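The block underneath contains the structure these notes are about, expressed in structure tokens.
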Amino acid sequence: MKWSSFYPVIMTDRLTETSQFYQCFFGFSVVFEADWYVSLKKEDTGDELAILDQTHETIPQAFGKPIQGMILNVEVDDVDQLYQTFINEQHLPLHLDIRDEPFGQRHFITSDPNGILIDVITIIPPDQSFQAQYEEQVWKDE
């Protein structure tokens, strides 16, 4: 089977606020917009994200609830710069302060208007104890 696309769809009762959040903070652009659905895309990476009104008729009634238990990972070149912008200047919520992890990430966790966690990450070399667990090297040697 050949896929043509794969992307998350956030169900929310805050359609406009959520769309504006991802446009403002993560550089997404609108490629389709209706009063119940917004399709976003990052031109430089091709990444996609959609936002859907949780009460829309295409959602089975038992499932039209806000999302829980999901983290969106965003890998960036300079997590420290985004920490400065998002946390110190824009005052986005901070759920996990910036830190280096032995498994190979420097990151912090914030959230969107729906409470969906966003883990902002720069890949760093993992400790020796984790290097053997990687199938391929994803970090840049320093």
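Going by the UniProt record's numbering, the first residue of the sequence shown is number 1, and it counts up by one from there.
Yeah, the Cβ is synthetic: ideal placement off N, Cα and C, and Gly gets one too.
It should be emphasised that the depicted structure is a prediction, and the values quoted were computed from it without experimental measurement.
Helix, strand or coil for residue i per DSSP?
| i | result |
| --- | --- |
| V76 | coil |
| Y83 | helix |
| S19 | helix |
| F63 | helix |
| E43 | coil |
| S29 | strand |
| E89 | helix |
Look at residue i and residue j and say whether their C-beta atoms are less than 9 angstroms apart.
| i | j | result |
| --- | --- | --- |
| L15 | S29 | no |
| V38 | I51 | yes |
| I98 | R106 | yes |
| T18 | N88 | no |
| D44 | G27 | yes |
| L49 | V9 | yes |
| Q81 | F25 | no |
| P126 | P102 | yes |
What whole-angstrom Cβ distance do residue i and residue j have, given they're in contact under 8 angstroms?
| i | j | result |
| --- | --- | --- |
| P66 | T110 | At roughly 17 angstroms, the Cβ-Cβ gap does not stay under 8 angstroms, so P66 and T110 are not in contact. |
| G104 | I123 | 6 angstroms |
| F21 | D112 | 5 angstroms |
| Y83 | F63 | The pair is not a contact, with the Cβ atoms about 35 angstroms apart (cut-off 8 angstroms). |
Residues in its own chain within less than 7 angstroms of residue i by CB, not counting five upstream and five downstream?
| i | result |
| --- | --- |
| N73 | D119, I121 |
| E96 | Looking at the sequence provided, one finds Leu at residue 96 rather than Glu. So the qualifying residues of the chain are F108, I109. |
Could you pull out every residue in the same chain whose Cβ sits closer than 6 angstroms to the Cβ of residue i, ignoring the five residues on either side in sequence?
| i | result |
| --- | --- |
| W36 | D53, H56 |
Starting from the C-beta of residue i, find all residues in its chain whose C-beta is less than 8 angstroms away, skip the five residues before and the five after it, and write them out in chain order.
| i | result |
| --- | --- |
| S129 | P102 |
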